[in-house]
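Below is one structure; the comments refer to it alone.
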Amino acid sequence: GALCPDLFLNTLSTGVVSNLSGEENALVLTDARCLPGTEGGGAFVPSPAGPRLVAVIAASFCWKGAEWVGLTLLCSLAAIVRSSAGVLGEAGIVVPPVPGQVAAVQAGSGQDPLGWVVLVECGATWGSGVLLAPQLLLTCRHVVEAGSRLRLTLAVSPGRAATVLKGHVVFATEESSPFDVAVVELEESVPGFVPPYLADTFLPGEEVNVVGFGALGRACGPSVTSGILSAVVAVAGRPVMLQTTCAVHGGSSGGPLVSSRSGRLLGIVISNTRDTSVGATYPHLNFCIPVSVLQPPVECYRRTADPAAFAVLNQAGQGVRAAWRLQRQPGPLSKL
Numbered sequence: 001g002a003l004c005p006d007l008f009l010n011t012l013s014t015g016v017v018s019n020l021s022g023e024e025n026a027l028v029l030t031d032a033r034c035l036p037g038t039e040g041g042g043a044f045v046p047s048p049a050g051p052r053l054v055a056v057i058a059a060s061f062c063w064k065g066a067e068w069v070g071l072t073l074l075c076s077l078a079a080i081v082r083s084s085a086g087v088l089g090e091a092g093i094v095v096p097p098v099p100g101q102v103a104a105v106q107a108g109s110g111q112d113p114l115g116w117v118v119l120v121e122c123g124a125t126w127g128s129g130v131l132l133a134p135q136l137l138l139t140c141r142h143v144v145e146a147g148s149r150l151r152l153t154l155a156v157s158p159g160r161a162a163t164v165l166k167g168h169v170v171f172a173t174e175e176s177s178p179f180d181v182a183v184v185e186l187e188e189s190v191p192g193f194v195p196p197y198l199a200d201t202f203l204p205g206e207e208v209n210v211v212g213f214g215a216l217g218r219a220c221g222p223s224v225t226s227g228i229l230s231a232v233v234a235v236a237g238r239p240v241m242l243q244t245t246c247a248v249h250g251g252s253s254g255g256p257l258v259s260s261r262s263g264r265l266l267g268i269v270i271s272n273t274r275d276t277s278v279g280a281t282y283p284h285l286n287f288c289i290p291v292s293v294l295q296p297p298v299e300c301y302r303r304t305a306d307p308a309a310f311a312v313l314n315q316a317g318q319g320v321r322a323a324w325r326l327q328r329q330p331g332p333l334s335k336l
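Terminal number for the sequence shown in the UniProt record's numbering: 336, no gaps in between.
Following this line, the structure appears as structure tokens:
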């Protein structure tokens, strides 16, 4: 880093490939946290023969306004070697073999979440969404407007090009509901759609990924960030809130939270954390609605086609409301 190089020389940081852009994926975005002064350092991937240099740190994205970003821009080593080969050859310098290109790793060892994640646009506002059925999508209430028609862009995934569809909001929770959810019906089915496997257990400490259109927004498709499931908040023995350490930025709302191990859908992203006293936003502390809260009304709606199936989300008890207001639960009364 720029501060005391002798102390910080050769320090390590880990992360995943969050996104790729440019000709032949020359630009690489990672959620490995790098500070100013790391520019020019190497980015490596593990291989059977040992760590393999694949990119060079170009810039660290620390702050965007009052929001901590915590992402890093890399330049692919393959792109650097290819673009400089002519100059090096003229100078009599032996051009090294072109290293392999950086590839994005699937977010989860099961299904590919890119098959379910959708860019949701409502006028000038955009966010993310999760497809649960060929014509059914969940997102956040604050991303859409009730009754509005939406532009829905399906991410590129194996065997499918980017696809733009239309949809409309059939249900949105009330402002007073602790669950910030909207239900969108697509005007046509997504061809070849394979629904996600839904999680039925939530293990604090397990590795997870968030997939959505945060950080870079609509520019480069969905980004992936990694972390752990830091807490499972339960009321009356039922999970009502998930907390993660993944980087969640504006535009990630409504996107899927996925188990890195099983690839199962754990929940949908609602928000990160903002400290209003200092005006700072903390992307690595964020909140998600567990899929176990959403699954019963979704199944009822698919049977009945009645949006009233989701009214149960407006009827949460005081314990659930207190949790989402970040209020402390009253402890048991002492018998003394």
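Note that beta-carbon positions come from the ideal geometry of N, C-alpha and C, so glycine has one too. Please read these numbers as outputs of a predicted model, since none were measured by experiment.
Handout entry: Meets three-Cβ-pair contact criterion under 8 angstroms: the stretch 227 to 243 and the stretch 144 to 155
Key = no
Practice task
Assign ASN209 to one of three DSSP states: helix, strand, or coil.
Solution key: strand
Practice task
Return the first residue and the last residue of the beta strand (DSSP E) that TRP126 is part of.
Solution key: 125 to 133
Practice task
State buried or exposed for CYS4, treating a residue as buried only when at least 16 other CB atoms are found within 10 Å of its CB.
Solution key: With fewer than 16 other Cβ atoms within 10 Å, it is exposed.
Problem - Identity of the residue in ASP200, PHE179, SER277, LEU266 nearest GLY319 by Cα - result: PHE179
Exercise for the section: Measure the alpha-carbon distance for GLU299 versus ARG261 and round it to whole angstroms. Expected result: 25 angstroms
Problem - Chain-order list of residues whose beta-carbon lies under 6 angstroms from that of PRO134 (same chain, five-residue window excluded) - result: SER189, VAL190, PHE193
Practice task
Kindly indicate which three-state DSSP category ARG33 falls into: helix, strand or coil?
Solution key: coil
Exercise for the section: Name, in chain order, the residues that DSSP records as bridge partners for TRP68. Expected result: Looking at the DSSP assignment, TRP68 forms a beta bridge with TRP63.
Problem - Helix, strand or coil at ASP180 according to DSSP, with G and I counted as helix - result: coil
Exercise for the section: Would you kindly work out how many angstroms separate the C-alpha atoms of GLY22 and VAL144, rounded to a whole number? Expected result: 31 angstroms
Handout entry: Same chain, Cβ closer than 7 angstroms to GLY250, neighbours up to 5 away in sequence not counted
Key = Listed in chain order, the non-local C-beta contacts of GLY250 below 7 angstroms within the same chain comprise GLY214, local neighbours out to five positions each way being set aside.
Practice task
Identify whether PHE8 lies in helix, strand or coil by the three-state DSSP scheme.
Solution key: helix
Problem - Touching by the beta-carbon criterion (3+ pairs, under 8 angstroms), the stretch 298 to 312 and the stretch 320 to 327 - result: no
Exercise for the section: Tell me whether TRP63 is buried or exposed, calling it buried when 16 or more other Cβ atoms sit within 10 Å of its Cβ. Expected result: exposed
Problem - Of the residues GLN295, PRO36, SER277, the one placed nearest LEU266, counting alpha carbons only - result: GLN295
Problem - Beta bridge counterpart(s) of residue 340 as assigned by DSSP - result: This structure cannot settle anything about residue 340, because the visible part of the chain is limited to 1 through 336.
Problem - Unbroken alpha helix (DSSP H) run spanning ALA231, endpoints - result: No alpha helix (DSSP H) holds ALA231; the beta strand (DSSP E) holding it covers 223 to 235.
Exercise for the section: Assign CYS75 to one of three DSSP states: helix, strand, or coil. Expected result: strand
Practice task
Can you check DSSP and say which residues form a bridge with SER21?
Solution key: LEU27
Practice task
Please confirm whether GLY317 and VAL117 have their CB atoms less than 7 angstroms apart.
Solution key: no
Handout entry: Candidates VAL181, VAL232, PRO46, TYR197: closest to GLU206 by CA position
Key = Minimum Cα distance to GLU206 is reached at VAL232.
Handout entry: Under the three-state DSSP convention, the category residue 419 falls into
Key = Limits of the chain in this structure are 1 at one end and 336 at the other, which puts residue 419 out of reach.
Exercise for the section: Decide if ALA146 is buried, meaning its Cβ has at least 16 other Cβ atoms within 10 Å, or exposed. Expected result: A residue is called buried once 16 or more other Cβ atoms fall within 10 Å of its Cβ, and ALA146, having fewer, is exposed.
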